[in-house]
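This report refers to the structure that appears directly beneath it.
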Amino acid sequence: MSEAREPLRHIAIAGAGQVGVLAAIAMKRALPMAEVTVIGIPLDPTAFADHAATALPFTLRMHDRFGIPEELLVTRAGGSHRLVTRYLGWSGEGHRGSFAYGAAIDPALKTAFAREWGGGAASGTGVDRPAGSLAEVLADAGRFASPAPGDPSPLGKVEYALRWNPPAYRDLLIAAAQQIGVRYLPDDIAGGEPNGQGGFGALALASGARLPTDLILDCTGPATRLLSVVPGYRREDWSDFLPLRTLMVMPPREPVAALEDRFSLRAEGWLSEMAGRDGVRASLGVTHTVAEDAAQRALGGEPQIVLPVAPGCAGQAWLGNVVALGDAAATFEPLGFLNLDLAHRQLDLLLELLPGRDIRPGERREFNRRAALMAVAVRDTLATHYATSRARAVFGPAQLPDGLAIALDQFARRGRLPFQEEAPFLGEERQALLAALGHPQGTPPQSRAGQDGVARAARREFAEKAEAALAAAPPYREWLLRVLEANRAPGG
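Numbering (the working numbering), first residue to last: -7 to 484.
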């Protein structure tokens, strides 16, 4: 029987963005007796995870575990819901595709129904394809209500993500951290005291204070200020796979309560349009070769800020007693809303492997193995976008990662994908994304015989579920206004 290990006593979080503050909440809830301190380093504008206004469904489940209910984000952080992401123009002029979360279509239904009604893509015909998921049906109709846990209605089976106002979201996290005893120091890092084990036993702060540390979370953004000075640090460059180099960001436009967000491929680059109660957030991702005036025309005005993009990741996100999260671990363009999702999934992995004061090499190895798989899967998901026919014409032919080349070949020839460990999406979601982007899709061998009857039955079943979902869902804007009114403070 193994002996109990001494738990962590001093945990330092370098970085007070939304990644760092949620990490502090996670550490304090996991180890209530530990002293958890957030060092308020100024936010890096190129830390895309720290400035993200949305994530994927995984983040909602993580919030619930940490005592941050969805209702709080809706009522205090400008929260609104996304059911689908529209992809426009990715495989050619007139292309339209939709991507919904969850295992929306049973893998057994890779038949004519799945291909024709699977929410994939329509290209060049001007004819709309029927919705292929309940989420898309609801988004098309503008109807939805966030279901209660265990809701037996059709809405309880619809996966969704949440958007928010980033400053309000960060304020909400700070309040939650303060309630459970997380310390905050408005300071900066001046140096570190080596602990003789490849990490730091204490941090020297700019104010002259000394902060003892058993574990340090580097949430400093792309600068990776702490992990990068630990012996053995190296950075992997993703620029051969991801051609984007500049992100132009507009100030928020008029508010829109929509259940969808969009990524449109233009001649200049890709245009992201994210709906929100505080305004539509638009940004344009381009290469170095795009003229400034052409980019501004595509964006619809002069950008509020222009940010460089240097994609890559830490070769090992945990060295010594320093663990990198967010853009300190991997930095990449905000395409597909993956930045904060990766940060949160790697934080969840750290909680799973949380060490004692005597950190064991096996814990680091396993974290680094799985964190690297997560990062590579995100890189490959992004590269999937740039591998479409039109994207290669707009951005130039980027190098395909080996795993993605195999996946695209299998998808085109057999209509299926190899398993990818630690991917951000389910297998069904990965197939739906490729279809939404317009990648050619083959037919699985097992569905080539006797599929007509299955297709008709599946179509009938889907139509019944769609009708039930629409009947259960109120107009989204009306429901959202009722929720906000019900939570309005008296006299407010």
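Glycine included, C-beta positions come from ideal geometry on N, C-alpha and C.
Burial state of residue i (16 or more Cβ within 10 Å)
| i | result |
| --- | --- |
| P158 | buried |
| M25 | exposed |
| G224 | exposed |
| E294 | exposed |
| H280 | exposed |
| I398 | exposed |
| S72 | buried |
| P243 | exposed |
| F329 | buried |
| S138 | buried |
Separation of residue j from residue i, as counted between CA atoms
| i | j | result |
| --- | --- | --- |
| G124 | R202 | 57 angstroms |
| L48 | G94 | 11 angstroms |
| D285 | A259 | 13 angstroms |
| E63 | Q10 | 18 angstroms |
| G434 | E413 | 23 angstroms |
| L35 | L165 | 15 angstroms |
| L239 | L291 | 11 angstroms |
| L476 | A153 | 18 angstroms |
| L65 | H2 | 30 angstroms |
| L299 | V241 | 8 angstroms |
| E27 | A(-4) | 20 angstroms |
| G12 | R269 | 25 angstroms |
| A322 | F233 | 14 angstroms |
| G126 | A455 | Per the sequence presented here, residue 126 reads as Leu, with Gly not at that position. Approximately 9 angstroms, taken between the alpha carbons. |
| A375 | P393 | 8 angstroms |
| E185 | A196 | 7 angstroms |
| G388 | V370 | 20 angstroms |
| Q170 | H55 | 16 angstroms |
| A306 | I172 | 31 angstroms |
6 angstroms Cβ shell around residue i - same chain, five flanking residues per side excluded
| i | result |
| --- | --- |
| L236 | G277, V301 and E325 |
| R162 | Q10 |
| S264 | F255 and S275 |
| G7 | I33, C211 and T212 |
| W262 | F255 and G277 |
Cross-strand partners of residue i (DSSP beta bridge)
| i | result |
| --- | --- |
| V28 | I3 |
| M240 | L276 and V298 |
| G43 | The sequence as given places His at residue 43; Gly does not occur at that position. Looking at the DSSP assignment, H43 forms no beta bridge with any residue, so it has no partner. |
| S256 | L80 and L263 |
| E185 | A194 |
| P61 | DSSP lists no partner for P61. |
| I208 | A4 and V314 |
Same chain only: Cβ atoms within 7 angstroms of residue i, ignoring 5 sequence neighbours per side
| i | result |
| --- | --- |
| L400 | A379 and H431 |
| G118 | In this prediction, G118 has a pLDDT of 38, which is less than 50 and means its spatial position is unreliable; nothing more can be read from the coordinates. |
| A335 | V11, A41, L317 and G318 |
| G407 | K102, Q433, G434, T435 and P436 |
Neighbourhood of residue i by C-beta, 8 angstroms cutoff - its chain only, sequence neighbours within 5 removed
| i | result |
| --- | --- |
| L341 | F359, R362, A363 and M366 |
| L345 | E355, E358 and F359 |
At least three beta-carbon pairs within less than 8 angstroms, the region 130 to 144 to the region 37 to 54
no
Between the region 213 to 220 and the region 15 to 24, do three or more beta carbon pairs fall short of 8 angstroms?
no
Would you say the region 309 to 321 touches the region 175 to 193, given that touching needs at least three Cβ pairs under 8 angstroms?
yes
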